[in-house]
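K.L.:
There are 2 protein chains.
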Amino acid sequence: MAGAELSALEVEAIDLFVAATRLLGVPRSIGEIYGLLFMAAEPMTFDQLVSRLRISKGSVSQGLKALRAFGAVRVSYVPGDRRDHYRAETDLKSLVSGFINGQVVPHLENGQGRLGRLRVLAEGLGEGLAPEQRGRLEKLEYWHHRARTLAPLAGKLLDLP
Amino acid sequence: MAGAELSALEVEAIDLFVAATRLLGVPRSIGEIYGLLFMAAEPMTFDQLVSRLRISKGSVSQGLKALRAFGAVRVSYVPGDRRDHYRAETDLKSLVSGFINGQVVPHLENGQGRLGRLRVLAEGLGEGLAPEQRGRLEKLEYWHHRARTLAPLAGKLLDLP
DNA sequence: GTCCTGTTTCATTTTTTACTGAACAAACTG
DNA sequence: CAGTTTGTTCAGTAAAAAATGAAACAGGAC
């Protein structure tokens, strides 16, 4: 019933990606799934992930959903098999762009709303707003603009140097 | 005993920075502290932060420690006052560099170690390593190299466009 | 020295987040 | 069609992270 033990190589690779999830603030199980797929010589099925990683179906389902959402795993068609087979996307540019679009851009967008409200409050205060505060609000607008223009370029950046 | 209520402007600014902490994966209290300092017309003391934000001394102490660690707050000297006065650093380049150096670079450094172990394991396998796996390991080395060379440039990037 | 004042530390509690597993749905099979 | 396989959802639970507050500490002031 249980899948094969993980090899030392797989364990080490998974460990590396699990460490990366800390930095990125995504759940550990996502790192486990991506790590195993990354080292796999060929695409793996849902139940292989469950049995080899020994995590629940729920976690695998949620994890794959998230990974698909930002393009970090792809589904391969395998003739004669009804199950989906998953493989890791390994193009760095795609991964970075996917992450930015999935995790960062949405935040920037509702930052838009917050900034708007802040601007309204500031206008309401008129002279009640200290010059320092006015300057800070300008900084914020500038930061936000910076982030919004640079975010889409993050992937492309990897081409240049 | 309690500090003045937060103004609507302050609440909104704090809210914005608290939202940012989610994205960056740092504790909420750090966003509150930075947000309040950011909107403050002048530097604030430890106990002002405690009483106006109504969070514990422990949180303020830890939060300021972290913020100082990556250069997001500075301590101002105020003549005749024994207390430290804190102000927000608002130079975007400094903030970005500080964050990268504090949160990202350490991760990259111990990624170094993990990669080394992975390399050793791979060599031990010799022909037991599938060509796909060999390719993946090369990708990893490349990614890591990329990250290490680009990380220090992140701040400078903000000069250009 | 003792007494303040300002800050840090850390064991405990609270809150948040991620994981589990069983029930469910959809799609295929014979 | 009934039965099976494949994958999803979600309420409950477990684990991790953050906040609290009391105690300890540092360094002036007296």
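In order, the protein sequence lines correspond to chains H and Y. Residues in the first sequence are numbered from 10 upward in steps of one, following our numbering. Residues in the second sequence are numbered from 10 upward in steps of one, following our numbering. Idealized CB from N, CA, C, for every residue including glycine. The structure displayed is predicted, hence computed values, not measured ones.
1. Pick helix, strand or coil for residue 87 of chain Y, following the three-state DSSP scheme.
2. Measuring only the C-alpha atoms, how far is residue 71 of chain H from residue 56 of chain H?
3. CB-CB under 8 Å to residue 10 of chain H, same chain, minus the five flanking residues each way: which ones, in chain order?
4. Under 7 Å between beta-carbons, which chain H residues line up against residue 22 of chain Y? List them in chain order, please.
5. What did DSSP end up calling residue 63 of chain H once you bin it into helix, strand or coil?
6. Cβ closer than 9 Å: which chain Y residues qualify as neighbours of residue 116 of chain H?
7. With DSSP as the reference, label residue 17 of chain H as helix, strand or coil.
8. Please go through the same chain and pick out, in chain order, the residues whose beta-carbon is closer than 8 Å to the beta-carbon of residue 25 of chain Y, but skip the five residues on each side of it.
9. For residue 54 of chain H, which beta-bridge partners are listed by DSSP?
10. What residue range is occupied by the uninterrupted alpha helix (DSSP H) comprising residue 107 of chain Y?
11. Beta-carbon within less than 6 Å of residue 138 of chain Y's beta-carbon, same chain only, minus the 5 sequence neighbours each way: which residues are those?
12. State the Cα-Cα distance for the pair residue 122 of chain H and residue 16 of chain Y, rounded to the nearest angstrom.
13. Taking C-beta pairs closer than 9 Å, name the residues in chain Y that residue 53 of chain H reaches, listed in chain order.
14. Would you report the Cα separation of residue 167 of chain H and residue 37 of chain Y, rounded to the nearest angstrom?
15. Quick check on DSSP: helix, strand or coil for residue 82 of chain H?
16. Just the C-alpha distance for residue 239 of chain H and residue 170 of chain Y, rounded to the nearest angstrom, thanks.
17. Would you mind reading off the limits of the alpha helix (DSSP H) that contains residue 170 of chain Y?
18. Whose C-alpha, out of H:75, H:50, H:136, is nearest the C-alpha of residue 111 of chain H?
19. Is the Cβ of residue 78 of chain Y closer than 8 Å to any Cβ of chain H?
20. From the DSSP output, in three-state form, read off residue 45 of chain H for me.
21. Can you tell me whether residue 150 of chain Y is buried or exposed? The criterion is at least 16 other CB atoms within 10 Å of its CB, across all chains shown.
22. Could you check if residue 178 of chain H is buried or exposed, using at least 16 other CB atoms within 10 Å of its CB as the buried criterion?
P.N.:
Looking at the coordinates:
1. Here residue 87 of chain Y sits in coil by DSSP.
2. In this structure, the CA atom of residue 71 of chain H is about 14 Å from the CA atom of residue 56 of chain H.
3. A caution first: residue 10 of chain H carries a pLDDT of 40, below 50, which makes its placement in the model unreliable, though a value can still be read off. Same-chain partners within the cutoff: 60.
4. Result: 127.
5. Correct three-state label for residue 63 of chain H: coil.
6. Close partners of residue 116 of chain H in chain Y (Cβ separation under 9 Å): 28, 29, 31, 32.
7. Helix, per DSSP.
8. Cβ within range, chain order: 44.
9. Residue 54 of chain H is bridged to H:94.
10. Where residue 107 of chain Y is concerned, the enclosing alpha helix (DSSP H) stretches over 101-108.
11. Cβ neighbours of residue 138 of chain Y beyond the five flanking positions: 131.
12. Between the C-alpha atoms of residue 122 of chain H and residue 16 of chain Y there is a straight-line separation of about 19 Å.
13. For residue 53 of chain H, there are no neighbours in chain Y by C-beta distance under 9 Å, as the nearest C-beta there is about 12 Å away.
14. Looking at the two C-alpha atoms, the distance is approximately 31 Å.
15. DSSP, reduced to helix, strand and coil, places residue 82 of chain H within a strand of the structure shown.
16. Since the first and last residues shown for chain H are 10 and 170, residue 239 of chain H lies out of range.
17. Counting along the chain, residue 170 of chain Y sits inside no alpha helix (DSSP H), nor does DSSP assign it H or E at all.
18. The option with the nearest alpha carbon to residue 111 of chain H is H:75.
19. It does not; no Cβ of chain H falls within 8 Å.
20. Three-state DSSP puts residue 45 of chain H in a helix.
21. Around the CB of residue 150 of chain Y, fewer than 16 other CB atoms lie within 10 Å, so the residue is classed as exposed.
22. An answer regarding residue 178 of chain H cannot be provided, because it is not within the stretch 10 to 170 covered by chain H.
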